[in-house]
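Participant: Please find one structure pasted underneath; my questions will follow.
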Amino acid sequence: MATSNVTNVLLRVALAFAFLYPPVSAYLAPYDWIGYFPQFVHGIVSDTVLLSLWGLLEVGIGLWILSGKRIALPSVIAAILLALIVLFNLAQMEVVFRDVSLALAALARAGANRRTSML
Amino acid sequence: MKTSIALGIVAVVIIIGGIALYSSGNTQSKTSYATPTTGTETQATAPATAGTKASNSEPGTQTGASVPKTVTVTYDGSSYSPSVVNIRTGDTVAFVDASANPMWVASGVHPTHTLYDGSDTSAHCAADYAGPAPFDECGASTATYTFTFTEAGTHPYHNHVNAAATGKVVVE
Chain Y
1 MATSNVTNVL LRVALAFAFL YPPVSAYLAP YDWIGYFPQF VHGIVSDTVL
51 LSLWGLLEVG IGLWILSGKR IALPSVIAAI LLALIVLFNL AQMEVVFRDV
101 SLALAALARA GANRRTSML
Chain V
120 MKTSIALGIV AVVIIIGGIA LYSSGNTQSK TSYATPTTGT ETQATAPATA
170 GTKASNSEPG TQTGASVPKT VTVTYDGSSY SPSVVNIRTG DTVAFVDASA
220 NPMWVASGVH PTHTLYDGSD TSAHCAADYA GPAPFDECGA STATYTFTFT
270 EAGTHPYHNH VNAAATGKVV VE
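Protein chains in written order, with the numbering used here: chain Y, 1 to 119; chain V, 120 to 291.
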């Protein structure tokens, strides 16, 4: 049981970190991150606002995952966001390949919660 | 359990296969090197206009391997054309922004740009940088960016503010 809890916490921290680090880095070096947005979203709002809104979403998802409340929902949302990042940046696969692993880990987290709930 | 493992293996194979297929498709628009005729070198300083063609796609007369040439690559706001150009050491590539979207040409890998000479963006774009000219525009704009390649090899590049736009410069 204790091992299961540690595994659960580690997985949540791992996923949360993937969502909490980028907003901090984007605040310090916005040009390093703005390039990952697909071209069609540029111009809807300024790049600064775009990064801020995305950052707020990431912080929200990250903290939600950390909290563990209704973990399946933020996990699925995280998996979808990560999959979208990969799909829109296939040309940068040497960088975003890790997001494939993170997305699958998020799905595993969501699935594990569902299995636990059913037991 | 065995079914799950089999499904997992199939999923991994499909993902890796898809990525491999996508990567191989990226090399389809490769152009061959041909020495352009005298006069095309001025394209490097020509203002950006829509429909600018790469000078190496035009038939030309071989005038000698030692004469540096300029090849034009056009950015249309979402991608570079041609996405692969073949040049020789000492040749110049002019990256022309034919769109209203900003362009920041830089060596791979995004976002550190270390592939061309090993230095990263924070170093070679610094105001006090004193090393060799980096393959990095070090800023976003719609102006034409030119770079003379002195290192042989395959040099991937991208638009730093639209990282999905990528290309390669093959220097012989």
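Think of the CB as a built atom: it goes at the ideal place given N, C-alpha and C, for glycine as much as any other residue.
Here the structure is a predicted model, which is why all the values come from computation and not from measurement.
Are alanine 79 of chain Y and alanine 112 of chain Y closer than 8 Å when you measure CB to CB?
Facilitator: No. Outside cutoff.
Participant: Name, going along the chain, the residues of the segment 190-205 of chain V whose beta-carbon falls closer than 8 Å to a beta-carbon of chain Y.
Facilitator: Within the segment 190-205 of chain V, the residues whose Cβ lies closer than 8 Å to some Cβ of chain Y are Gly196 and Ser197, listed in chain order.
Participant: Going by DSSP, what residues sit across from proline 275 of chain V in a beta bridge?
Facilitator: Its beta-bridge partners are V/Lys287.
Participant: Would you call the segment 90-103 of chain Y in contact with the segment 54-66 of chain Y, where contact means no fewer than 3 C-beta pairs closer than 8 Å?
Facilitator: Contact between the segment 90-103 of chain Y and the segment 54-66 of chain Y is absent, because fewer than three Cβ pairs lie under 8 Å.
Participant: Please determine, among V/Glu291, V/Tyr194 and V/Thr233, the residue with the shortest C-alpha to C-alpha distance to asparagine 220 of chain V.
Facilitator: Of the listed residues, the one whose Cα sits closest to asparagine 220 of chain V is V/Tyr194.
Participant: Taking just the CA atoms, how far does leucine 15 of chain Y sit from serine 75 of chain Y?
Facilitator: Straight-line Cα distance between these residues: approximately 8 Å.
Participant: Distance check for glycine 237 of chain V and threonine 191 of chain V, CA to CA, integer angstroms please.
Facilitator: Approximately 25 Å between the Cα atoms of the pair.
Participant: Taking the beta carbon of serine 241 of chain V as the centre, do at least 16 other beta carbons fall within 10 Å, making it buried, or is it exposed?
Facilitator: With fewer than 16 Cβ atoms within 10 Å of its Cβ, serine 241 of chain V is classed as exposed.
Participant: Could you give the residue range of the alpha helix (DSSP H) that holds alanine 72 of chain Y?
Facilitator: Element bounds for alanine 72 of chain Y: 72-87.
Participant: Helix, strand or coil for alanine 282 of chain V? Go by DSSP, reduced to three states.
Facilitator: Residue state, collapsed to three classes: strand.
Participant: Shorter than 8 Å from the beta carbon of glycine 111 of chain Y to some beta carbon of chain V?
Facilitator: Cβ-Cβ to chain V under 8 Å: no for glycine 111 of chain Y.
Participant: Could you give the first and the last residue of the continuous beta strand (DSSP E) run that contains valine 190 of chain V?
Facilitator: Counting along the chain, the beta strand (DSSP E) containing valine 190 of chain V begins and ends at 189-194.
Participant: Alanine 245 of chain V versus chain Y: which residues are under 8 Å apart at the beta carbon?
Facilitator: In chain order: nothing, as chain Y lies at least about 13 Å away.
Participant: By the DSSP assignment, the alpha helix (DSSP H) with alanine 242 of chain V in it spans what residues?
Facilitator: Looking at the DSSP string, the run of the alpha helix (DSSP H) that includes alanine 242 of chain V is 240-243.
Participant: Mind checking if threonine 261 of chain V is an interface residue toward chain Y, Cβ cutoff 8 Å exclusive?
Facilitator: No, no contact with chain Y.
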